[in-house]
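In this note's numbering, the protein residues as written are 1402 to 1664. Report on the structure given below.
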Amino acid sequence: MHPQPAAAPGDAPLFETINVSKAFGVFKALSDISFRVSDGEFVSIVGPNGAGKTTLVNVVTGLLRPTVGEVRFQGRDIAGIGPVELARLGMSRAFQLVNIFPALTVRETLCVAIASRLRRVSNPFRSLKRDDVLQADAERIAEVLGLRAKLDTVASTLSQGEKKLLDIASAFALDPKVILLDEPTSGVSTGDKHAIMEVLVSAAKAAGVRAIVQVEHDMDLVERYSHRIVALQAGCVLGDMPPDAFFADPAMIAAVVGTRPRT
Ligand SMILES: Nc1ncnc2c1ncn2[C@@H]1O[C@H](COP(=O)(O)OP(=O)(O)OP(=O)(O)O)[C@@H](O)[C@H]1O
Ligand SMILES: [Mg+2]
């Protein structure tokens, strides 16, 4: 049920935080977090509202600089590097709130992301249409993410599930080695959640993505897809374990889902 990751324990991690803390003024959102992800892993970050999950993803992706500690990607210090530079190194993310341009079509959205990867910045909207390399790549990514039939649909008219897939597709357009997803299935129906996860996992395999980290509240999805679960509570790591151990521990489950079920 949980295919094993490619890396053996003890291998150098793809990325890690070392004793990271993050304060907002006097409030400590993360306290002494050491979090590592290795080749081949699918890791879920779980925890109640306000536990620090998004803050951790923001620190790992260089959007926020830790107050204390180090963030390393393939051995390189990337603290505060910013998402654009980090994407160039091979780490990209999708956001908790769908981060798409409502007036652009699926094709245009993907072309903008691909153009940014290829550093084609001049007059993007005029020239992208005539750029065969971009068009072919946009079509390839749309195919893999199940959006081919929607290529010329304006993003604002997509269903919530399709918007989520477009957000994920945009992250894939950056050709990442590692992908981080903050609640990739929030706000969609249970059936759509599973469909999105299936597409995500098969797309990651096809694209050679080496690790996936997701923040997820839906425990069915967490149990089904994760190799490892990292549970946060009040900015601290409460547990870091395989799903079998996590779901055998009622106290762990209560701490994580105690506050509310969320769809
Ligand atoms: N920029 C900020 N300034 C001040 N406080 C912040 C900031 N960002 C986050 N926080 C606080 O840090 C804590 C952790 O927030 P975070 O968004 O990481 O939680 P989360 O686990 O992602 O929650 P949710 O499940 O609701 O998405 C919260 O108490 C939040 O209010
Ligand atoms: Mg969050």
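Beta carbons are placed, not taken as given, at the ideal position from N, Cα and C, and that holds for glycine. These figures come from a predicted structure and were not determined experimentally.
Pick helix, strand or coil for THR1660, following the three-state DSSP scheme.
Confidence is the limiting factor: at THR1660 the pLDDT is only 48, short of 50, which leaves the residue's position unreliable and the question unanswerable from this model.
Return yes when the C-beta of ASN1450 is under 7 angstroms from any heavy atom of ligand 1, and no when it is not.
yes
Length of the line joining the Cα atoms of VAL1513 and PRO1467:
30 angstroms
Once the 5 residues before and after ALA1424 are set aside, which same chain residues still bring their CB inside 6 angstroms of it?
THR1468
Would you mind reading off the limits of the alpha helix (DSSP H) that contains LYS1551?
Looking at the DSSP string, LYS1551 is not in any alpha helix (DSSP H), and its letter there is neither H nor E.
Keeping to the same chain, check which residues put their C-beta closer than 6 angstroms to that of LYS1429; ignore five residues upstream and five downstream.
GLY1636
Give me, in chain order, the residues of the same chain whose beta-carbon lies closer than 7 angstroms to that of GLY1448; leave out the 5 immediate sequence neighbours on both sides.
LYS1454, ALA1632, LEU1633, GLN1634 and VAL1657
With DSSP run on the structure shown, which of helix, strand or coil describes ILE1630?
strand
How close, in whole Å, do the beta carbons of ASP1583 and VAL1545 come, if the pair is a contact with beta carbons under 8 angstroms?
So it is not a contact: roughly 21 angstroms between Cβ atoms.
Check: ASP1583 C-beta below 7 angstroms from any heavy atom of ligand 2
yes
Give a yes or no on whether the C-beta atoms belonging to ILE1580 and ALA1572 are separated by under 8 angstroms.
yes
Nearest residue (CA-CA) to THR1506, options ARG1494, LEU1464 and ALA1550:
ALA1550
Roughly how many angstroms separate the alpha carbons of ALA1655 and ALA1452, rounded to a whole number?
14 angstroms
Which residue from LYS1578, MET1598, ASP1641 and GLU1442 puts its Cα closest to that of THR1586?
MET1598
Mapping the DSSP letters down to three states, classify ARG1611 as helix, strand or coil.
coil
Between ILE1446 and VAL1614, is the Cβ-Cβ spacing less than 8 angstroms?
yes
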